[in-house]
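The sequence shown begins at 1 in UniProt numbering and counts up one residue at a time. In what follows, a structure is listed as structure tokens, so that the remarks can point back to it.
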Amino acid sequence: MLPNYLKRELSILFFVINKKQTTADEISQSLNFSKRIVKENLLIINKHFTEYLSIENFILSKKTGIITVRPELRTNAVSYAYHLKLFLLKNNVLFNYCVLLVTSDTIEKSQILEKLFISPSYLHKLTQRLNTFFDPFDFKIIRANHLYSLEGNEMNIRLFTYLFLQDSFQDLEWPFPTISIESLHNKVPKELLEEAFKRPHTKNRTMDIISAVLQIRISKNHYVHPPKSIAIQTFFTLVQDSFDITVPFQKWYSSPIPETDKKVEIQYLNFLSHIFISDIVPKKEKIKLGKLFLGHDHSFCTLSRDILLSSIHIENFAVAKEHQYLCMYYLTFLNAFYFLVGNAIYPIISLFIPSPTFHLHIQSKYLTAITDKIAPIVDNVDHRTLIATALYTLFTSKKSAQIKIYLQMIKDFTASYFIENRLLSLYNPSSVIITDDYSLADIIVTDTLERGDPSKKVFYLDSVNNKESWQELIHLIQQSYLEQQGLQNEIN
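Below is the structure:
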């Protein structure tokens, strides 16, 4: 739906803000743009920040080739980026047309023309373009009696609407012109509103958007249909009977909705909530569901179990039962979601800027090994790629590196004891180790001149009471840990 130039600008912007520093080469290689395009777009992005947010030189490009966010802006860089993203989106007429369609059940042609400041012929062209974009989602814009509305696969209409609005507006603006947040909260039981105070503002806004979407669609009798697949139907029931997270939304399923439609509605919502608002599911419930899936004979569970058992021992490291259960939880839901939406899964993923972690473009021997292991089990190449990438993320999350530190404090004979205890209070002792063997050390901490092995990182700590030096040492340890962990993932 968005023009390529805008997707390119946003991709580069979010790449830069997610790095402490980067280079044009790294951006070019990671995003597959030429260095010339990268440099041109960095200038354009800075112009946008000046024009829309009155921020000069948001991104700095140094003579050394280092590219970074201006240091004093780094703390709020993500917020600035999302504000700019929304400004740019709202300057796009196709985006605005889409917002009008998804935030109301029907809208008059005259309203669209007035709000978008366009001609009827241009509206016709925009409608054709949007229908082409909506085609993989199996719904389209219907025109009848000068009224425009969305019709087709009801689940996909709701899913698209939620993802589109949540990713675009976040909690920066409320996108529904005819529904207020207050009116939604008035229908929520008092005890559930009290629970809202325990959640972050963005998560509450996410749940408000879901509630508004449900109100718009259900109030006009647009109900989801039961899945055609028996496997999906029975999996919905299995999940619903095990853990129901739809209580905050069930106010929209009161009479006069037929009971059979209500049951299907709640099962869909419960299933999709596990995927798209998964962090409201307590970890202990995910573990319980994963344990249930590991021993269940449902076809989605057996597929996930076969995938997990075939790939989990590529590495010779112990995998705790709890981690196996969590892997089963995520794998089974991802497999079920793939079978539910089919070819629409990649258009759905493409709605996110930047892409979600289970769809990162990664190249490593470890990922290749996972892909090869599950190939006999997962025939479809797209499905296999999706699952392999998810497994890579799940497995590498539990991989640990070891940073060995050699202490050489000559001026203060109590300093080594102090540093060791301070580091052990900050880090897991299996991850950061104080060693007496200089040859094994990754980092040398010293208070004097050290002309050692150039492959080792030497850190000068003049005093254990120097707060700035401590911060730099902690950063060096964390950086070394991540470098070593990344190297492991690449080699393995």
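Here a beta-carbon is modelled for each residue, glycine too, at the ideal position from N, C-alpha and C.
Contact belief for residue i with residue j at Cβ below 8 Å, rounded distance in angstroms
i, j, result
"residue 48", "residue 84", "6 Å"
"residue 480", "residue 443", "6 Å"
"residue 156", "residue 137", "4 Å"
"residue 112", "residue 97", "7 Å"
"residue 23", "residue 59", "Going by Cβ atoms, the distance from residue 23 to residue 59 rounds to 12 Å, so no, they are not a contact pair."
"residue 17", "residue 78", "6 Å"
"residue 86", "residue 173", "7 Å"
"residue 405", "residue 435", "7 Å"
"residue 413", "residue 464", "Residue 413 to residue 464, Cβ: 12 Å. No contact."
"residue 457", "residue 476", "7 Å"
"residue 108", "residue 146", "6 Å"
"residue 420", "residue 440", "The pair is not a contact, with the Cβ atoms about 16 Å apart (cut-off 8 Å)."
"residue 179", "residue 215", "6 Å"
"residue 232", "residue 340", "6 Å"
"residue 351", "residue 167", "6 Å"
Contact check, residue i vs residue j, beta carbons under 9 Å
i, j, result
"residue 374", "residue 325", "no"
"residue 139", "residue 150", "yes"
"residue 447", "residue 462", "yes"
"residue 369", "residue 485", "no"
"residue 312", "residue 327", "yes"
"residue 117", "residue 1", "no"
"residue 213", "residue 260", "no"
"residue 270", "residue 239", "yes"
"residue 171", "residue 127", "no"
"residue 50", "residue 56", "yes"
"residue 364", "residue 392", "yes"
"residue 15", "residue 30", "yes"
"residue 175", "residue 209", "yes"
"residue 61", "residue 39", "yes"
"residue 141", "residue 134", "yes"
"residue 6", "residue 89", "yes"
Coarse secondary structure for residue i, derived from DSSP in three states
i, result
"residue 77", "helix"
"residue 61", "strand"
"residue 143", "strand"
"residue 66", "strand"
"residue 49", "helix"
"residue 359", "Residue confidence is low: residue 359 scores 48 on pLDDT, short of 50, so the model does not pin down where it sits. Its coordinate-derived value is still stated next. If DSSP states are grouped into helix, strand and coil, residue 359 belongs with the helices."
"residue 20", "coil"
"residue 496", "No answer is possible for residue 496: it lies beyond the span of the chain, which begins at 1 and ends at 492."
"residue 151", "strand"
"residue 411", "coil"
"residue 108", "strand"
"residue 127", "helix"
"residue 164", "helix"
"residue 468", "helix"
"residue 170", "coil"
"residue 475", "helix"
"residue 314", "coil"
"residue 157", "helix"
"residue 372", "helix"
"residue 389", "helix"
"residue 281", "coil"
"residue 200", "coil"
"residue 492", "For residue 492, the pLDDT reaches just 47, beneath the cut-off of 50, and the residue's location in the model is therefore unreliable, although a value from the coordinates is still provided. In the structure shown, residue 492 sits in coil (DSSP, three-state: anything other than H, G, I, E or B)."
"residue 32", "coil"
"residue 132", "helix"
Unbroken beta strand (DSSP E) run spanning residue i, endpoints
i, result
"residue 445", "443-446"
"residue 457", "457-460"
"residue 432", "432-434"
beta-carbon residue i near the ligand NAP non-hydrogen atom, thresh 8 Å
i, result
"residue 265", "Only the bare structure without any ligand can be found here, which leaves the ligand NAP out of the picture."
Where the alpha helix (DSSP H) containing residue i begins and where it ends
i, result
"residue 403", "Looking at the DSSP string, residue 403 is not in any alpha helix (DSSP H); the run it does join, the beta strand (DSSP E), is 403-408."
"residue 56", "Per DSSP, residue 56 belongs to no alpha helix (DSSP H) and is neither H nor E."
"residue 99", "93-102"
"residue 299", "299-311"
"residue 242", "230-242"
"residue 273", "259-276"
"residue 183", "181-185"
"residue 336", "321-341"
"residue 494", "Outside the displayed span of the chain (1 to 492) sits residue 494, for which this structure offers no information."
"residue 347", "345-349"
9 Å Cβ cutoff, residue i in contact with chain C
i, result
"residue 144", "Within the model displayed, chain C is absent; a lone protein chain is all it includes."
Taking three-plus beta-carbon pairs below 8 Å as touching, is the region 101-109 in contact with the region 28-44? In this structure the region 101-109 does not touch the region 28-44; the number of beta carbon pairs closer than 8 Å is below three.
Does the region 229-245 come within contact of the region 276-296, defined as at least 3 CB pairs closer than 8 Å? Enough Cβ pairs lie closer than 8 Å, so yes.
Do three or more CB pairs link the region 266-276 to the region 295-312 at distances below 8 Å? They do not touch, by the three-pair rule.
Please determine if the region 173-189 and the region 61-74 are in contact, where contact requires at least 3 C-beta pairs separated by less than 8 Å. The region 173-189 is not in contact with the region 61-74.
Would you say the region 388-399 touches the region 414-432, given that touching needs at least three Cβ pairs under 8 Å? Contact between the region 388-399 and the region 414-432 is absent, with fewer than three C-beta pairs closer than 8 Å.
Determine contact between the region 330-340 and the region 383-396, defined as no fewer than three beta-carbon pairs at a distance below 8 Å. In the pairwise beta carbon analysis, the region 330-340 is classified as touching the region 383-396: at least three pairs are separated by under 8 Å.
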